[in-house]
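Asker: Okay, handing you the structure first.
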Amino acid sequence: MREILREGLATWGLSLTESQEELMIAFLEDLGAANQRMNLTAITDPEEMAVKHILDSLAAALAVDLEEGKTLVDVGSGGGLPGIPLKIFQPGLELTLMEASRKKAEFLEAVCKRLFPDGWQVIWSRAEDAGRGSWRESFDLVTARAVASMRVLAEYCLPLARVGGVFLALKGPEGAKELDDAARAIEVLGGQVEKTVPVLLPKGAGERLLIAIRKKSATPANYPRRAGIPQKRPL
């Protein structure tokens, strides 16, 4: 597994220390063990997890600047992806994992206590609720992976980003079409597409599209709409 991580990251000009590799492996072990009790991932082969979970998450570093001290919220974090691998990669990040499922939030809390001495928190909340409360427009970076279509994701995530911050969607090949469909939603919510970065995962694991959206202006007060509405009636 270590060799897969090293080779994959080297193709992107990235690397991990040995202690970071150990933390990545410990995280995958916790994820695999918890997956037997709750539905966190359909991927259970360790080598496949290294590629499709760890490397897939770390690809975010190719699209955004993960500066020490930046605040990052991972929306719909589920099993902690991409947030936990990104915190291991850049320990100086102030990480928030946002998850609507109480069981998954409890798992994230337990894993973070084991992996990180500080610089993290878990919020048990739907993104729509958090985006209307004290978390609104308070994060430098908002990430989401395998959560919803871009039209829906924009309404979940852009309200959480501060003006000048970035919303980063980690998508598959369908991302380009979704981005076209979401053009109006992104504009209405105060965002502007800054870049798209195509990424080829190693071991034939497929293509990814990283979509970075800059928050150019404050999100109008009537967004996000109440919980469930963005999914039912996307902008």
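Taking my numbering, I'd label the letters of the sequence shown as residues -1 to 233.
All C-beta atoms, glycine included, are put in the ideal place defined by N, C-alpha and C.
Taking Leu139 as part of the beta strand (DSSP E), name the residues at either end of that continuous run.
Answerer: Against the sequence shown, residue 139 aligns to sequence position 141. Leu139 -> beta strand (DSSP E) spans Phe137 to Arg143.
Asker: Output the distance between the C-alpha atoms of Arg143 and Val186, rounded to the nearest integer angstrom.
Answerer: Counting from 1 along the sequence shown, the entry for residue 143 is found at position 145. Counting from 1 along the sequence shown, the entry for residue 186 is found at position 188. C-alpha separation (whole angstroms): 22 Å.
Asker: Just how far apart, CA to CA, sit Phe114 and Ala24?
Answerer: Numbered from 1 along the sequence shown, position 116 holds the residue referred to as residue 114. Numbered from 1 along the sequence shown, position 26 holds the residue referred to as residue 24. Cα to Cα, Phe114 sits roughly 12 Å from Ala24.
Asker: Ignore the nearest five residues each way along the sequence and tell me which others in Gly188's own chain have a CB closer than 8 Å to its CB.
Answerer: The residue labelled residue 188 in the question sits at position 190 within the sequence shown. Hits under 8 Å: Leu156, Val161, Lys213, Lys214, Ser215, Ala216, Thr217 and Pro218.
Asker: For the candidate residues Val140, Ala181 and Glu153, whose alpha-carbon lies nearest to that of Leu168?
Answerer: The residue you call residue 168 lines up with position 170 of the sequence shown. That would be Val140, whose Cα lies nearest to the Cα of Leu168.
Asker: For the beta strand (DSSP E) containing Arg212, name the first residue and the last one.
Answerer: Taking the sequence shown and counting its residues from 1, the one referred to as residue 212 is at position 214. Note, Arg212: beta strand (DSSP E), Glu205 to Lys213.
Asker: If you measure between the beta carbons of Ala180 and Asp54, is that distance less than 9 Å?
Answerer: What you label residue 180 is simply residue 182 of the sequence shown in a count that begins at 1. What you label residue 54 is simply residue 56 of the sequence shown in a count that begins at 1. It is not a contact, given that the beta carbons lie outside the stated cut-off.
Asker: Where do the ends of the alpha helix (DSSP H) carrying Gly173 lie?
Answerer: Translated into the one-based positions of the sequence shown, residue 173 becomes position 175. Element bounds for Gly173: Gly173 to Asp179.
Asker: Hey, how far is the Cα of Ile82 from the Cα of Cys110?
Answerer: As a first step, residue 82 is located in the sequence shown; it is residue number 84 there, counting from the start. As a first step, residue 110 is located in the sequence shown; it is residue number 112 there, counting from the start. C-alpha separation (whole angstroms): 8 Å.
Asker: From Leu158, Thr194, Val164 and Asp43, pick the residue whose C-alpha is nearest to that of Pro171; which is it?
Answerer: Position 173 of the sequence shown holds residue 171. Closest by alpha carbon: Thr194.
Asker: Using beta-carbon positions only, say whether Thr94 and Val62 come within less than 9 Å of one another.
Answerer: Here residue 94 refers to the residue found at position 96 of the sequence shown. Here residue 62 refers to the residue found at position 64 of the sequence shown. No, the pair does not count as a contact, with Cβ atoms beyond the cut-off.
Asker: Check for me: the beta strand (DSSP E) holding Arg0 runs from which residue to which?
Answerer: The residue labelled residue 0 in the question sits at position 2 within the sequence shown. Arg0 -> not in any beta strand (DSSP E); alpha helix (DSSP H) instead, spanning Arg0 to Ala8.
Asker: Starting from the N-terminal side, write out each stretch of the alpha helix (DSSP H) that is 4 residues or longer and does not extend beyond the segment 34 to 103.
Answerer: Complete alpha helix (DSSP H) runs here, min 4: 44 to 47 and 81 to 87.
Asker: With Phe165 as the anchor, note down where its beta strand (DSSP E) starts and where it stops.
Answerer: Position 167 of the sequence shown holds residue 165. Residues Ala159 to Lys169.
Asker: Looking only at C-alpha atoms, which of Glu107, Thr39 and Tyr221 sits nearest to Trp122?
Answerer: Counting from one through the sequence shown, the residue named residue 122 turns up at place 124. Among Glu107, Thr39 and Tyr221, the Cα nearest to that of Trp122 is on Glu107.
Asker: Within 10 angstroms of its Cβ, does Met22 collect 16 or more other Cβ (buried), or is it exposed?
Answerer: Locating residue 22 in the sequence shown gives position 24, where the first residue counts as 1. Looking at its Cβ environment, which holds 16 or more other Cβ atoms inside 10 Å, Met22 is buried.
Asker: Which residues does DSSP list as the beta-bridge partners of Val109?
Answerer: Against the sequence shown, residue 109 aligns to sequence position 111. DSSP, once it has assigned bridges, lists no residue as partnering Val109.
Asker: Which partner residues does Pro196 have in the DSSP bridge list?
Answerer: Counting from one through the sequence shown, the residue named residue 196 turns up at place 198. DSSP output for Pro196 lists Leu207 as bridge partner(s).
Asker: Opposite Val120 in the DSSP bridges: which residues?
Answerer: Position 122 of the sequence shown holds residue 120. Leu95.
Asker: Tell me, please, which residues DSSP counts as bridged to Gln190.
Answerer: Translated into the one-based positions of the sequence shown, residue 190 becomes position 192. Partner(s): Arg212.
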